[in-house]
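In this note's numbering, the protein residues as written are 8 to 121.
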(Lines of atoms letter the chains of each structure in order from A and count residues from 1; the text may use other names and numbers.)
(Lines give C-alpha, C1' and ligand atoms only; values in the text may rest on other atoms or scores of the structure.)
Protein backbone atom coordinates (compact mmCIF):
# COMPACT_ATOMS: atom_id res chain seq x y z
CA UNK A 1 0.00 0.00 0.00
CA UNK A 2 1.41 3.37 -0.98
CA UNK A 3 1.54 6.30 1.42
CA UNK A 4 -1.34 8.11 -0.31
CA UNK A 5 -3.50 4.98 -0.21
CA UNK A 6 -2.66 4.37 3.44
CA UNK A 7 -3.59 7.94 4.34
CA UNK A 8 -6.90 7.65 2.48
CA UNK A 9 -7.63 4.35 4.22
CA UNK A 10 -6.85 5.75 7.67
CA UNK A 11 -8.81 8.95 7.00
CA UNK A 12 -11.84 6.90 5.94
CA UNK A 13 -11.47 4.72 9.02
CA UNK A 14 -11.39 7.78 11.30
CA UNK A 15 -14.52 9.13 9.60
CA UNK A 16 -16.34 5.85 10.27
CA UNK A 17 -15.19 5.87 13.89
CA UNK A 18 -16.35 9.49 14.32
CA UNK A 19 -19.80 8.67 12.90
CA UNK A 20 -20.11 5.61 15.11
CA UNK A 21 -18.93 7.61 18.15
CA UNK A 22 -21.58 10.24 17.51
CA UNK A 23 -24.31 7.61 17.13
CA UNK A 24 -23.39 5.45 20.11
CA UNK A 25 -21.78 7.90 22.54
CA UNK A 26 -22.66 11.53 21.86
CA UNK A 27 -26.29 10.77 20.98
CA UNK A 28 -26.62 7.76 23.32
CA UNK A 29 -29.10 7.62 26.19
CA UNK A 30 -26.37 7.93 28.85
CA UNK A 31 -25.08 11.22 27.43
CA UNK A 32 -28.60 12.49 26.78
CA UNK A 33 -29.56 11.91 30.42
CA UNK A 34 -26.26 13.42 31.56
CA UNK A 35 -26.88 16.55 29.45
CA UNK A 36 -30.44 16.99 30.72
CA UNK A 37 -29.50 16.34 34.34
CA UNK A 38 -31.73 13.27 34.58
CA UNK A 39 -28.93 10.71 34.98
CA UNK A 40 -29.16 9.10 38.43
CA UNK A 41 -26.09 9.72 40.63
CA UNK A 42 -25.70 5.95 41.05
CA UNK A 43 -25.33 5.57 37.27
CA UNK A 44 -22.67 8.27 37.18
CA UNK A 45 -20.75 6.65 40.06
CA UNK A 46 -20.92 3.27 38.34
CA UNK A 47 -19.68 4.81 35.08
CA UNK A 48 -16.58 6.28 36.73
CA UNK A 49 -15.97 3.10 38.72
CA UNK A 50 -15.99 1.05 35.52
CA UNK A 51 -14.12 3.68 33.50
CA UNK A 52 -11.17 3.54 35.90
CA UNK A 53 -10.69 -0.17 35.22
CA UNK A 54 -11.14 0.41 31.50
CA UNK A 55 -8.27 2.92 31.50
CA UNK A 56 -5.90 0.22 32.74
CA UNK A 57 -7.10 -2.11 29.98
CA UNK A 58 -6.58 0.55 27.30
CA UNK A 59 -3.07 1.33 28.51
CA UNK A 60 -2.21 -2.38 28.65
CA UNK A 61 -3.53 -2.87 25.11
CA UNK A 62 -1.50 0.08 23.83
CA UNK A 63 1.67 -1.26 25.45
CA UNK A 64 1.02 -4.75 24.05
CA UNK A 65 0.42 -3.29 20.58
CA UNK A 66 3.73 -1.45 20.76
CA UNK A 67 5.60 -4.60 21.80
CA UNK A 68 3.90 -6.70 19.12
CA UNK A 69 5.17 -4.30 16.46
CA UNK A 70 8.67 -3.84 17.92
CA UNK A 71 10.34 -5.65 14.98
CA UNK A 72 8.71 -3.17 12.58
CA UNK A 73 9.82 -0.23 14.69
CA UNK A 74 13.39 -1.53 14.83
CA UNK A 75 13.47 -1.39 11.03
CA UNK A 76 11.86 2.05 10.99
CA UNK A 77 13.53 3.82 13.89
CA UNK A 78 12.12 7.20 12.84
CA UNK A 79 8.62 5.85 13.56
CA UNK A 80 9.67 4.18 16.81
CA UNK A 81 10.25 7.52 18.50
CA UNK A 82 6.86 8.83 17.38
CA UNK A 83 5.06 5.73 18.63
CA UNK A 84 6.92 5.76 21.95
CA UNK A 85 6.12 9.45 22.38
CA UNK A 86 2.42 8.83 21.68
CA UNK A 87 2.32 5.87 24.05
CA UNK A 88 4.11 7.78 26.81
CA UNK A 89 1.76 10.74 26.37
CA UNK A 90 -1.28 8.47 26.73
CA UNK A 91 0.11 6.73 29.80
CA UNK A 92 1.33 9.87 31.55
CA UNK A 93 -1.29 12.47 30.64
CA UNK A 94 -4.43 10.37 30.36
CA UNK A 95 -7.31 12.06 32.17
CA UNK A 96 -11.00 11.44 32.57
CA UNK A 97 -12.55 11.92 29.15
CA UNK A 98 -9.24 12.48 27.33
CA UNK A 99 -9.93 9.74 24.80
CA UNK A 100 -13.40 11.13 24.22
CA UNK A 101 -11.92 14.59 23.71
CA UNK A 102 -9.40 13.21 21.21
CA UNK A 103 -12.22 11.58 19.25
CA UNK A 104 -14.24 14.79 19.38
CA UNK A 105 -11.26 16.90 18.32
CA UNK A 106 -10.72 14.60 15.33
CA UNK A 107 -14.38 14.92 14.40
CA UNK A 108 -14.26 18.72 14.77
CA UNK A 109 -11.11 18.88 12.61
CA UNK A 110 -12.85 16.88 9.89
CA UNK A 111 -15.77 19.32 9.89
CA UNK A 112 -13.28 22.17 9.47
CA UNK A 113 -11.66 20.34 6.55
CA UNK A 114 -8.33 19.67 8.29
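From the three backbone atoms N, C-alpha and C, an ideal C-beta is built for every residue, glycine too.
Exercise. Run the proximity test for residue 78: is its beta-carbon closer than 7 Å to any non-hydrogen atom belonging to the ligand ZN?
Key: The model on display carries no ligand, and the ligand ZN is accordingly not part of it.
Self-check item: Range covered by the alpha helix (DSSP H) that runs through residue 81
Solution: 77 to 82
Quiz item: By Cβ distance, which residues of its chain are closer than 6 Å to residue 32, with the 5 residues on each side in sequence left out?
Solution: none
Quiz item: Since residue 9 is in the alpha helix (DSSP H), which residue starts that stretch and which ends it?
Solution: Careful: residue 9 lies outside any alpha helix (DSSP H) and carries neither H nor E.
Quiz item: Which residues bound the alpha helix (DSSP H) around residue 46?
Solution: First-last for residue 46: undefined, no H or E at that position.
Quiz item: In chain order, what residues of the same chain lie with their CB nearer than 8 Å to the CB of residue 81, ignoring the 5 residues before and after it?
Solution: 87
Quiz prompt | Helix, strand or coil at residue 35 [DSSP, three-state] | solution = coil
Quiz prompt | Contact under 8 Å by Cβ, residue 69 with residue 30 | solution = no
Self-check item: Beta-carbon gap between residue 55 and residue 46 smaller than 8 Å
Solution: no
Quiz item: Candidates 90, 63 and 100: which alpha carbon is nearest residue 75's?
Solution: 90
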